[in-house]
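Enquirer:
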Amino acid sequence: MNAKRRHDDTSDLVLLPLGGTGEIGMNCYCYGVGASAARDWIMVDLGVKFGDERDPGIDVIMPDVGFITKNRKRFHGLVITHAHEDHIGAVAHLWPQLECEVHCTPFAAEILKLKLIEHGLDEDVPVIKHRPGSKFNLGPYKLEFIPVTHSIPESCALFIDSGQGTAVHSGDWKIDRSPQLGHAIAEDRFRQLGEKGVDALICDSTNVLREGLSPSEKDVAATLHEIVANAKGRVAVTTFASHVERISCAVRAARAAGREVVIVGRAMRNTIEAARKCGYLKDAGAFLDMEEFGYLPNDRVLLLCTGSQGEARAALARIAEDSHPQISLDKGDLVIFSARTIPGNEKEVGAVINNLALQDIDVITPDEALVHSSGHPRQGELQQMYDWVKPKVLVPMHGEPRHLRAHMNFALAHGIPEVVMLEDLKIARLKPGEAGVIDEAPGGRLHLDGKLIVDGEDGPARIRRKLSFAGVLFVSLLIDVKGDLHDLTLHSEGVPPGLASELQEVAENAFVSMPRARRKDDATVEEAIRTSLRRACDEAWGKKPICKVSVFRS
Ligand SMILES: [Zn+2]
Ligand SMILES: [Zn+2]
């Protein structure tokens, strides 16, 4: 047996991201332990990423979990670190393929339940709840939810003891010394684990480019309190629907100023209901319905609404356009954007702010005041986490390529001995020996296309992109027994009309110029017509539409 073979048969701890490297979204990291031929797997998080104009008609993009489902006998379950869409959003879509236990905190379970009900799966999926700080076992893995501070209740890092090595999977986190809702970050537990020895830290990179420490939610709360106290007209606060802590801070600011609170937006109402079921927002009092908004004096109401990212269908965009059926704002009212603009949404958010400006409504964004603080660690917090956990290996996760690379350099400059850069579908050995990529898994992406799950790389979105760029031509030919053209019909969609009217003749000429012998074969006729039409379009228009030719014979 040669040395390499012996090495490959060693039982090891590996990490395989199925999604989520090099972008924020679609987090799905699998841990495997055992010899390469028979590893035991668990999956941490199963999120979505939202589609954009590059994939027309695709709202949601998800990781392909086929590699895990092929190993189902040795797949022991899914663990969710927190209830954000980029960590939990694909569970209801992909569970029918995985058919596994789902382990999460009570709040994440409430959020997941709403999604499972929508999919008719709430009776089928075994959701096992663990309080933050709990320990539980999955197959050969000993796991522990370690409380962290973030921007949704009950966020946890996951400690993984595989028997062959240990890892801390950070999830999304920041260090907030004065959280305004829920648990504190479990600094002592991280320190204890660090003392015992942690092999690898798989760590959030989102804010690695920012120096210093994140502001606390306490400071955001104080700013909101002051702004609301000084406001004369109506106040609307928009934030992420899932940010219960921020919702709580805005409600307290309202109560202190003697304002009633009206909630607008289904997603926000759902989150509030889930939070209340888990014991949060107990002191928030009752919220009023939208119908009551118009009857309240201007200085006695605070509106909490969705739409901080400029989403066209959300409440705020419609209020800004003055097209909301129940809610309208006027000159002298104030809208607070208590959220950062996620990269890619700048145009939409700008449009909403412009519409508000057209109505003389004041706007405060995080550029003007501390009305938002991110839930991800800056450099100072990363350094503290390294000091607590003292990992031998660091794997940057949760960020665009520039963030992951910056995190690598930052970690190496701050005493981490080894850093492994990972791409989706690469299998990295974390222990034993030097950490690094040792293998690759098959996979890719899935698209949610309406109600159907389709292949992401080779799916219908690829053709739709072409259609949106250059349209389509349909040609049908009726050829008689002698090989003469009996009829030729051409339809076009999305092709300039002047050009389209010339194409009939191009197609007829292409047919007539074919030798009779070649006209006998349908495929040859179709290809000749297609080629000549696309060439004519390219010459006149500079574009080649999709072209479908059908031959009929009489
Ligand atoms: Zn995230
Ligand atoms: Zn998150």
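Last residue of the sequence shown: 555 (the numbering used here), numbering continuous.
All C-beta atoms, glycine included, are put in the ideal place defined by N, C-alpha and C.
#1: With hydrogens ignored, establish whether the beta-carbon of Gly400 is closer than 7 Å to any heavy atom of ligand 2.
#2: Can you grab the Cα-Cα spacing for the pair Lys549 / Ala91, in whole Å?
#3: Mark Val15 as exposed unless 16 or more other C-beta atoms lie within 10 angstroms of its C-beta, in which case mark it buried.
#4: At a cut-off of 7 Å, is Asn28 close to ligand 1 when judged by its beta-carbon and the heavy atoms of the ligand?
#5: Let me make sure I understand the geometry here. Which of Arg535, His88, Asn231 and Glu102 has the alpha-carbon closest to that of Glu1?
#6: Is the number of C-beta pairs between the stretch 405 to 418 and the stretch 280 to 290 that are closer than 8 Å three or more?
#7: In angstroms with no decimal places, state the Cα-to-Cα distance between Phe1 and Leu305.
#8: Which term fits Val562, buried or exposed, when burial requires 16 or more other beta carbons within 10 angstroms of its beta carbon?
#9: Measure the alpha-carbon distance for Val128 versus Ser243 and round it to whole angstroms.
#10: Hey, how far is the Cα of Ala4 from the Cα of Asp10?
#11: Could you name the residues, in chain order, whose CB is less than 5 Å away from a heavy atom belonging to ligand 2?
#12: I'd like the list of long-range same chain contacts for Arg6, defined as Cβ closer than 8 Å, with 5 residues on each side in sequence excluded.
#13: List the whole-angstrom C-beta distance separating Trp389 from Arg192, where the pair is believed to meet the contact cut-off of C-beta under 8 Å.
#14: Could you pull out every residue in the same chain whose Cβ sits closer than 6 Å to the Cβ of Lys130, ignoring the five residues on either side in sequence?
#15: Within 10 angstroms of the Cβ of Phe470, are there 16 or more other Cβ atoms? Answer buried if so, exposed if not.
#16: Which residues does DSSP pair with Cys31 in a beta bridge?
#17: Report yes or no: do the stretch 261 to 273 and the stretch 168 to 181 share at least 3 C-beta pairs separated by less than 8 Å?
#18: Helix, strand or coil for Thr272, going by three-state DSSP, please let me know.
#19: Does DSSP classify Arg554 as helix, strand or coil?
#20: Residues in its own chain within less than 6 Å of Arg531 by CB, not counting five upstream and five downstream?
#21: Please report the distance separating the alpha-carbon of Asn208 from that of Pro216.
#22: Are the stretch 217 to 237 and the stretch 155 to 165 touching, with three or more C-beta to C-beta distances below 8 Å?
#23: In chain order, what residues of the same chain lie with their CB nearer than 7 Å to the CB of Arg379, ignoring the 5 residues before and after it?
#24: Pro97 lies in the alpha helix (DSSP H); which residues open and close that run?
#25: May I ask whether a heavy atom of ligand 1 can be found less than 7 Å away from the beta carbon of His88?
#26: Within 10 Å of its beta-carbon, does Asn355 have 16 or more other beta-carbons around it, so buried, or fewer, so exposed?
#27: Write down the C-beta distance between Ile343 and Ser329 rounded to the nearest angstrom, noting that I regard them as a contact closer than 8 Å.
Expert: Straight from the coordinates:
#1: no
#2: 36 Å
#3: buried
#4: yes
#5: There is simply no residue 1 to check, as the chain begins at 2 and stops at 555 in what is shown.
#6: no
#7: Here the chain covers residues 2 to 555 and nothing more, so residue 1 does not appear.
#8: Here the chain has residues from 2 to 555 only, and residue 562 is not among them.
#9: 20 Å
#10: For Ala4, the predicted structure reports a pLDDT of 42, less than 50, and the residue's modelled location is therefore unreliable. The matter cannot be settled from this model.
#11: His85 and Asp173
#12: Because Arg6 carries a pLDDT of 45, less than 50, the predicted location of this residue cannot be relied on, and no value is offered for it.
#13: 5 Å
#14: Pro107 and Ala110
#15: exposed
#16: Leu17 and Met44
#17: no
#18: helix
#19: strand
#20: Cys548 and Val550
#21: 13 Å
#22: no
#23: Asn208, Arg211, Glu212, Gly213, Leu214 and Ser215
#24: Val92 to Leu99
#25: yes
#26: exposed
#27: That pair is no contact at about 27 Å.
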